[in-house]
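Asks: Can you read through this structure? Questions will come right after.
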Amino acid sequence: MKRNMEIKATLHDWDQAEREAQALCHNVPPVQLSQIDTYFHASDGRLKLREISGMENRAELIHYRRPNLHGPKKSEYSTCPVEDVDSLKSLLSQALGVQTVVMKRRRVYFYQTIRIHLDRVEGLGAFLELEAVLSDTDDEAEAHAQVNTLLARLGISPDDLIQGSYSEMMQSRERPPH
Numbered sequence: 081m082k083r084n085m086e087i088k089a090t091l092h093d094w095d096q097a098e099r100e101a102q103a104l105c106h107n108v109p110p111v112q113l114s115q116i117d118t119y120f121h122a123s124d125g126r127l128k129l130r131e132i133s134g135m136e137n138r139a140e141l142i143h144y145r146r147p148n149l150h151g152p153k154k155s156e157y158s159t160c161p162v163e164d165v166d167s168l169k170s171l172l173s174q175a176l177g178v179q180t181v182v183m184k185r186r187r188v189y190f191y192q193t194i195r196i197h198l199d200r201v202e203g204l205g206a207f208l209e210l211e212a213v214l215s216d217t218d219d220e221a222e223a224h225a226q227v228n229t230l231l232a233r234l235g236i237s238p239d240d241l242i243q244g245s246y247s248e249m250m251q252s253r254e255r256p257p258h
């Protein structure tokens with residue numbers, strides 16, 4: 081499995097975060113994407129089918145395990161490219177059931193080994209996500225430190241950090257009150 085160190089936070093000042101990301105990345109324009117993530121019920125970890133449109137149109141099935149913690153957390157994941165997205169989505173929907181669907185517009189900046197995502201998630205708002213891609217030999221403590229340094233630079237406070245995923249946030253919105 082591949083792995084990364086990641087963090088997700090509520091973004092209160094999109095413009096400030098974007099200016100900082102552009103400065104960090106030497107004013108290289110971000111990659112702009114639209115993504116639809118369909119989450120399926122999984123017995124282990126999380127399973128989503130991601131449809132991506134932007135510079136290229138593609139889809140991939142992603143299985144990942146990540147604890148719900150505040151602050152940087154390690155994620156282990158596997159991906160598989162998908163050619164026939166409609167057929168696979170139908171099959172997985174029938175076999176596993178759809179948990180939720182997350183639609184977002186994402187701007188991706190690349191800073192060293194860290195991907196800076198500025199996300200606008202439909203129905204939820206604006207968020208920052210940092211992903212430090214880890215090789216087999218990369219030190220998790222060092223990646224953790226890099227992510228924390230970027231959080232400070234991007235104006236993210238500890239109160240802004242989010243434990244779970246967009247899918248869990250969507251599910252909590254979809255549940256009727258008791």
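Be aware that the sequence shown starts at 81, since it is given in our numbering, and climbs by one per residue.
The C-beta atom is built at its ideal place from N, Cα and C for all residues, glycine as well.
(1) Have a look at Cys-105, Gln-251, Val-227, Glu-86 and flag the residue whose alpha-carbon is nearest the alpha-carbon of Tyr-157.
(2) With a 10 Å radius around its C-beta and 16 neighbouring C-beta atoms as the bar for buried, classify Pro-152 as buried or exposed.
(3) For Ser-167, which option in Arg-186, Val-188, Ala-139, Gly-203 has the closest C-alpha, if you only look at C-alpha atoms?
(4) Check whether the segment 110-119 touches the segment 180-192, taking contact to mean three or more Cβ pairs, one atom from each stretch, closer than 8 Å.
(5) From Val-213 to Ala-232, what distance separates their C-alpha atoms?
(6) Check His-121 in the structure and name its three-state DSSP category.
(7) Buried or exposed for Thr-229, please, with buried defined as at least 16 other CB atoms from any protein chain shown within 10 angstroms of its CB.
(8) Tell me which residues share the same chain as His-197 and place their Cβ nearer than 6 Å to its Cβ, disregarding the 5 neighbours each side in the sequence.
(9) Keeping to the same chain, check which residues put their C-beta closer than 7 Å to that of Ile-142; ignore five residues upstream and five downstream.
(10) Using only CA atoms, which one of Lys-169, Asp-199, Thr-193 lies nearest to Ala-225?
(11) Take Pro-238 as the anchor and find which of Leu-149, Ser-133, Asn-84 has the nearest alpha-carbon.
(12) Pull up the DSSP beta-bridge partners for Ser-252, would you.
(13) Alpha carbons only, please: which of Val-108, Met-250, Gly-244, Tyr-119 is nearest the one belonging to Leu-172?
(14) Could you give the residue range of the alpha helix (DSSP H) that holds Glu-220?
Replies: Put simply:
(1) Glu-86
(2) buried
(3) Ala-139
(4) yes
(5) 19 Å
(6) coil
(7) exposed
(8) Arg-186, Val-188, Glu-209
(9) Lys-128, Arg-130, Tyr-157, Thr-159
(10) Thr-193
(11) Leu-149
(12) Paired residue(s): none; Ser-252 is not in a bridge.
(13) Tyr-119
(14) 220-233
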